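Below is one structure, written out as structure tokens; the observations come after it.
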Amino acid sequence: MTPARHPVDEVPPAGRLAALGLQHVLAMYAGAVAVPLIVGGALKLPAADLAYLVNADLLMCGVATLLQCVGVWRFGARLPVMQGCTFAAVTPMVLIGTGGGGLPAVYGAVIASGLAMVLLAPVFGRLLRFFPPLVTGTVILVIGLTLLPVAGNWAAGGQGRDDFGAPRNLALAGGVLAAILAVQRFAPPLLARVAVLAGIAAGTVAAVPLGRADFSGVGDARWAGVSEPFHFGAPSFEGGAVAAMLVVALVTMAETTGDLVAVGELTGREVDARRLADGLRADGVSTALGGVFNTFPYTAFAQNVGLVGLTRVRSRWVVAAAGGILVLLGLLPKLGALVAAVPVPVLGGAGLVMFGTVAASGLRSLAGVDFREGHNLTVVAVSVAVGMLPVGVPGIYARFPDWFQTVMNSGISAGCATAVALNLLFHHLPSRASRPAQHSGEAAAPDVAAGGHP
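Under my numbering, the first residue of the sequence shown is numbered 54, with each subsequent residue one higher.
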């Protein structure tokens, strides 16, 4: 008898596959293009070069996603994980680029950090025992909470816009949120799975008479374009720049670890040391290729983790289809411009649901942790507090060294590092106040209560 196929490996019918894949693309598109726009803007690149960066980024997002979902040998976690440029690298890349090295110095550092990630992947894979449900649940909760302000900024119209906070923007976002909830509650199950896509489509249509949707960029965009290697010049490898990006690589690997463990829990496919190392190795290769093809470091996108939980569609081939769509968008700028025309408030309404789902998934993971003794409560409380500091108080670390800001200005990496450190302190280091069996988070029954792996 043929064994049943795991839901992660199921391939939906072509029409449903395309719709679900497009839904993932729309969920991450704004975040995907934000990094090249921010870095290119800081380097004062002309409009043509900014457009080139965006197309290159979309192409490599698709390639990185396909590698992560489909897998080649020991590269790829083979899970429904969407890939995009990490925001943790923005500040260091701007500092490198504006410090005289320009984009060649940025890309040299990106290539070096990607190769370092490939080499370090097996080491991180063996550290999985330090990510019990207490830690992973806390990290997933922090991921969701740190993303919610992003959705709020989108809903208000986009930070820095003249109409930021205008009632019509918030009304549009609220309408999208209401549409998503209505589709989820009242539509047939098949349509309910694409509730986010339906809400975004309805919101975009509603935005047209309000003058909030601008499709002029579609006509101006080229039909075809390919990103060529080293378009901005041969990479240069400067010691300080490489060191800064190596710190970013460690932060990115910590973020990806949390995302992969979260997806594993949502899909019911165990993320063991080997699978984690394969996923991190794919991140490294994608990052190195990004440096070659004029883009930036890649990591798993947490908003799409939320979409997996929201839709309960666990197939990695759905996200692989999204990767294929991104490749097309990168090769066909007109299609990319069409997707880019989706108004920011519309994405904000959808983001509130998706990012909230990520946070709720963290709470679900923590539901199995024993909080009757105070240590576990302390781990969660302090980790969430540290993770939310840079979100609630931007610039709090502005007077600290650049390497410190790289780690701590990301609420995700700050919360993750704190949760791991506190779990080690309370559940792995010997304590004279504890019985021997309780010293390690890997011991028998008490460790499950402490948040360790059973």
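C-beta atoms are modelled at their ideal positions from N, C-alpha and C, and glycine is treated no differently. None of these values were measured; they are calculated from a predicted model.
(request) In angstroms with no decimal places, state the Cα-to-Cα distance between G332 and I233. (result) The straight-line gap from Cα to Cα measures roughly 31 Å.
(message) For L442 and V304, I'd like the C-alpha separation in whole angstroms.
(response) Taking the straight line from one Cα to the other gives about 17 Å.
(request) Report the rounded CA-to-CA distance for L194 versus T431, giving the unit in angstroms. (result) The alpha-carbon separation between L194 and T431 amounts to approximately 15 Å.
(message) In whole angstroms, give me the CA-to-CA distance for L342 and Y351.
(response) Distance between the alpha carbons of L342 and Y351 is about 10 Å.
(request) Within 10 angstroms of the Cβ of H59, are there 16 or more other Cβ atoms? Answer buried if so, exposed if not. (result) So H59 ends up on the exposed side.
(request) Determine the burial state of L70: buried for a count of at least 16 other Cβ atoms within 10 Å of its Cβ, exposed for fewer. (result) Buried.
(request) Given a cut-off of 8 Å, decide if L382 and L111 are closer than it, judged by their beta-carbon atoms. (result) Judged by beta-carbon spacing, L382 lies within the 8 Å limit of L111, meaning their Cβ atoms are closer than that value.
(message) For the alpha helix (DSSP H) containing Q212, name the first residue and the last one.
(response) From DSSP, Q212 is part of no alpha helix (DSSP H); its letter is neither H nor E.
(request) Please state if the CB of A209 and the CB of G218 are separated by a distance shorter than 8 Å. (result) Yes. Within cutoff.
(request) Could you tell me whether the stretch 121–137 touches the stretch 92–105, using the rule of 3 or more Cβ pairs below 8 Å? (result) The stretch 121–137 is not in contact with the stretch 92–105.
(message) Helix, strand or coil, according to DSSP, for V125 in the structure here?
(response) The answer is strand: DSSP assigns V125 an E or B state.
(request) Please work out which residues of its chain come closer than 8 Å, Cβ to Cβ, to Q212, disregarding the five sequence neighbours upstream and downstream, and give them in chain order. (result) For Q212, where only same-chain residues beyond five positions count, the Cβ hits under 8 Å are N206.
(request) Could you tell me if A248 is buried or exposed, where buried requires 16 or more neighbouring beta carbons within 10 angstroms of its beta carbon? (result) With at least 16 other beta carbons inside 10 angstroms of its own, A248 counts as buried.
(message) For R367 and L173, what's the separation of their Cα atoms in angstroms?
(response) Cα-Cα distance, rounded: 28 Å.
(message) From the DSSP secondary-structure annotation, give me the bridge partner or partners of T352.
(response) Secondary-structure assignment with DSSP links T352 through a beta bridge to G137.
(message) Rounded to whole angstroms, what is the Cα-Cα separation between A142 and A294?
(response) Distance from the CA atom of A142 to the CA atom of A294, rounded to whole angstroms, is 11 Å.
(request) Note the first and the last residue of the continuous alpha helix (DSSP H) segment covering W370. (result) For W370, the uninterrupted alpha helix (DSSP H) segment begins and ends at R369 to L384.
(request) Report yes or no: do the stretch 399–409 and the stretch 251–266 share at least 3 C-beta pairs separated by less than 8 Å? (result) Yes, the stretch 399–409 touches the stretch 251–266.
(message) Given this structure, state the Cα-to-Cα distance separating G153 from V314, to the nearest angstrom.
(response) CA-CA distance, G153 to V314, rounds to 39 Å.
(message) Rounded to the nearest angstrom, what separates P145 and L244 at their Cα positions?
(response) In a straight line, the C-alpha of P145 is about 43 Å away from that of L244.
(message) Three or more C-beta pairs under 8 Å: does that hold for the stretch 171–189 against the stretch 442–457?
(response) Contact fails: fewer than three Cβ-Cβ distances are below 8 Å.
(message) At 4 residues or longer, what runs of the alpha helix (DSSP H) sit wholly inside the stretch 292–361?
(response) Entirely contained in the stretch 292–361, the alpha helix (DSSP H) runs reaching 4 residues are, in chain order, 292–320 and 326–345.
(message) Short of 8 Å in beta carbon distance, which residues of its chain neighbour L148, apart from the five on each side in sequence? Order them along the chain.
(response) Scanning its chain for C-beta atoms nearer than 8 Å, with the 5 sequence neighbours on each side dropped, one finds around L148 the residues A297 and D455, in chain order.
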